[in-house]
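Q:
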Ligand SMILES: Cc1cc2nc3c(=O)[nH]c(=O)nc-3n(C[C@H](O)[C@H](O)[C@H](O)COP(=O)(O)OP(=O)(O)OC[C@H]3O[C@@H](n4cnc5c(N)ncnc54)[C@H](O)[C@@H]3O)c2cc1C
Ligand code: FES
């Protein structure tokens, strides 16, 4: 994406479609948006793992992961959990409404380096949003990768995002999908328990495999411990950090961990890098 002069200047985009992934106090709504300016639409480039500052004039902005792969088309998707002022206002958007987008920001998952490998994603709750673009990217470039395994859990089945997609991927044998809920519920045919336990149940081999995990910090901590028990090397493991952000491009100093800026040097980190920074897991 070319600089538009002022790095804080957002692009105007129109909401093309919206749908709820989950309901309740902290519901998650996906917004599918397209840039109004055709030149921006055509020149926009993002990679799996990157995010964007999205917002509403007069309300504010929030950093949100881009939850679609560039292989899906000339649009963006954001899956937004209702948290406070900005995300609640974003939830009010309906098709035809305008919003702002600036970015893309951050590094990305090194999907080129991973060619020829097996990919396993391990997600929890809204943490599946930054993992979805990898899954879609690997699906679109299936010849370049070996098996795709998806491990994903949430508190209840109603808290799982992108549900229909897992059923479709399993039915079409595109990925081996393992789902879990924390609490037993009637009619749930899959695993009951926390995501780190589901990981141990699936018991993936580390051989020629890359593991990527995103979710609540407590889940990530236990997933990392369990990946080590399964003999994954540090450099086979990737995760993302979601420190609070303001500028998004390394100017305001809001998001640093150790001597790294999460907005610029992350949000994607290899575990070998993060282990050397004690504040990363504080
Ligand atoms: C790199 C990155 C990617 C993100 N991707 C997504 C995404 O795909 N979907 C999504 O729903 N959210 C995502 N977030 C979190 C999102 O930015 C915040 O939830 C949002 O900015 C809250 O804004 P608000 O004005 O609605 O709430 P605020 O009023 O600012 O905050 C409401 C509550 O949310 C908490 N909160 C705010 N920001 C964060 C944060 N970064 N981490 C943890 N808690 C926070 C506050 O402590 C407060 O309790 C991401 C954040 C980062 C840094
Ligand atoms: S958000 Fe401003 S430096 Fe990272």
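Residue numbers (this note's numbering): 11 to 292.
Backbone N, C-alpha and C fix where the C-beta goes; we use that ideal spot for every residue, glycine too.
(1) Any heavy atom of ligand 1 closer than 7 Å to the beta-carbon of residue 277?
(2) Who are the Cβ neighbours of residue 52 in its own chain at under 8 Å, not counting the five residues just before and after it?
(3) Could you check what DSSP says for residue 163 in three-state terms: helix, strand or coil?
(4) In chain order, what residues have a CB nearer than 7 Å to some heavy atom of ligand 2?
(5) Quick one: grab the DSSP three-state call for residue 280.
(6) Can you name, in chain order, every residue of its own chain whose Cβ lies under 8 Å from the Cβ of residue 44, other than the five neighbours on each side?
(7) What residues in its chain sit with their C-beta under 6 Å from that of residue 71, if we drop five residues either side in the sequence?
(8) Tell me, please, whether the stretch 122-138 touches the stretch 157-170 by the rule of three or more beta-carbon pairs shorter than 8 Å.
(9) Please confirm if the stretch 110-118 is in contact with the stretch 258-267, defined as three or more CB-CB distances below 8 Å between the two stretches.
(10) If you drop the 5 nearest sequence neighbours on each side, which residues of the same chain put their C-beta closer than 6 Å to that of residue 170?
(11) Taking DSSP as the reference, what is the three-state secondary structure of residue 109?
(12) Expressed to the nearest angstrom, what Euclidean distance is found between the alpha-carbon atoms of residue 231 and residue 177?
(13) Would you check if the distance between the CB atom of residue 225 and the CB atom of residue 106 is smaller than 8 Å?
(14) How close, in whole Å, do the beta carbons of residue 229 and residue 214 come, if the pair is a contact with beta carbons under 8 Å?
(15) With the cut-off set at 8 Å, would you say residue 167 and residue 195 are in Cβ contact?
(16) Quick one: Cα of residue 147 to Cα of residue 262, how far?
(17) Answer with buried or exposed for residue 29, where buried requires no fewer than 16 other C-beta atoms within 10 angstroms of its C-beta.
(18) Residues in the same chain with beta-carbon distance under 6 Å from residue 251, minus the five sequence neighbours each way, listed in chain order, please.
(19) Any heavy atom of ligand 4 closer than 7 Å to the CB of residue 252?
(20) Would you say residue 249 and residue 209 are within 8 Å of each other, going by their C-beta atoms?
(21) Could you compute how far the alpha carbon of residue 155 sits from the alpha carbon of residue 58?
(22) Out of 90, 212, 282, which has the shortest C-alpha to C-alpha gap to residue 172?
(23) With a threshold of 16 other CB atoms inside 10 Å of the CB of residue 55, please say whether the residue is buried or exposed.
(24) So what's residue 25 in DSSP terms, helix, strand or just coil?
(25) According to the neighbour-count rule (16 or more other Cβ atoms, all chains shown, within 10 Å of its Cβ), is residue 74 buried or exposed?
(26) Find the nearest neighbour of residue 222 within the set 243, 34, 179, judged by alpha-carbon distance.
(27) Among 174, 36, 19, 264, which one has its Cα closest to the Cα of residue 94?
(28) Rounded to a whole number of angstroms, what is the C-alpha to C-alpha distance between residue 120 and residue 150?
A: Let's see:
(1) Within the chain shown, numbered from 1, the residue matching residue 277 stands at position 267. At least one heavy atom of ligand 1 is nearer than 7 Å to the Cβ of residue 277, so yes.
(2) The residue labelled residue 52 in the question sits at position 42 within the chain shown. Counting only Cβ-Cβ distances below 8 Å, and skipping sequence neighbours, we find 84.
(3) If you number the chain shown from 1, residue 163 lands on position 153. Residue 163: strand per DSSP, three-state reduction.
(4) 255, 256, 257, 258, 259, 260, 261, 262, 263, 264, 265, 266, 271, 272, 273, 274
(5) Counting from 1 along the chain shown, the entry for residue 280 is found at position 270. Residue 280: strand per DSSP, three-state reduction.
(6) Locating residue 44 in the chain shown gives position 34, where the first residue counts as 1. Closer than 8 Å at the Cβ level, and outside the excluded window around residue 44, lie 23, 24, 26, 51, 84, 85, 86.
(7) Locating residue 71 in the chain shown gives position 61, where the first residue counts as 1. Excluding residues within five positions, the ones whose Cβ falls inside 6 Å are 63, 65.
(8) At 8 Å Cβ cutoff, the stretches touch.
(9) yes
(10) If you number the chain shown from 1, residue 170 lands on position 160. The residues are 164.
(11) Here residue 109 refers to the residue found at position 99 when the chain shown is read from its first residue. Strand at residue 109.
(12) Along the chain shown, read from residue 1 onward, the residue named residue 231 stands at position 221. Along the chain shown, read from residue 1 onward, the residue named residue 177 stands at position 167. Each residue's alpha carbon lies about 28 Å from the other.
(13) For the purposes of this step, residue 225 is taken as residue 215 along the chain shown, with counting starting at 1. For the purposes of this step, residue 106 is taken as residue 96 along the chain shown, with counting starting at 1. Not in contact: residue 225 and residue 106 (Cβ atoms no closer than 8 Å).
(14) The residue you call residue 229 lines up with position 219 of the chain shown. The residue you call residue 214 lines up with position 204 of the chain shown. Not really, about 17 Å apart at Cβ, beyond 8 Å.
(15) Here residue 167 is taken as the residue at index 157 of the chain shown, counted from 1. Here residue 195 is taken as the residue at index 185 of the chain shown, counted from 1. Yes, the pair counts as a contact, with Cβ atoms nearer than the cut-off.
(16) For the purposes of this step, residue 147 is identified with residue 137 of the chain shown, where counting begins at 1. For the purposes of this step, residue 262 is identified with residue 252 of the chain shown, where counting begins at 1. One C-alpha to the other measures close to 32 Å.
(17) Here residue 29 refers to the residue found at position 19 when the chain shown is read from its first residue. Counting Cβ neighbours within 10 Å, residue 29 comes out exposed, since fewer than 16 surround it.
(18) Counted from its first residue, the chain shown places residue 251 at position 241. For residue 251, where only same-chain residues beyond five positions count, the Cβ hits under 6 Å are 272, 276, 277.
(19) No copy of ligand 4 appears in this structure; the ligands present are ligand 1 and ligand 2.
(20) Start at 1 with the first residue of the chain shown, and residue 249 comes out as number 239. Start at 1 with the first residue of the chain shown, and residue 209 comes out as number 199. Not a contact, by the Cβ cut-off of 8 Å.
(21) Taking the chain shown and counting its residues from 1, the one referred to as residue 155 is at position 145. Taking the chain shown and counting its residues from 1, the one referred to as residue 58 is at position 48. Those two C-alpha atoms are separated by around 15 Å.
(22) Taking the chain shown and counting its residues from 1, the one referred to as residue 172 is at position 162. With distances taken between Cα atoms, residue 172 lies closest to 90.
(23) Counting from one through the chain shown, the residue named residue 55 turns up at place 45. Only exposed fits residue 55, as fewer than 16 other CB atoms lie within 10 angstroms of its CB.
(24) On the chain shown, residue 25 is found 15 positions in, with the first residue counted as 1. If DSSP states are grouped into helix, strand and coil, residue 25 belongs with the strands.
(25) In the chain shown, counting from the first residue as 1, residue 74 sits at position 64. Residue 74 comes out buried.
(26) Reading the chain shown from its first residue, position 212 is the one you call residue 222. For the residues 243, 34, 179, the minimum Cα distance to residue 222 belongs to 243.
(27) On the chain shown, residue 94 is found 84 positions in, with the first residue counted as 1. Residue 94 has its Cα closest to that of 36, out of 174, 36, 19, 264.
(28) Walking along the chain shown from the start, residue 120 turns up at place 110. Walking along the chain shown from the start, residue 150 turns up at place 140. When rounded, the distance between both Cα atoms is 16 Å.
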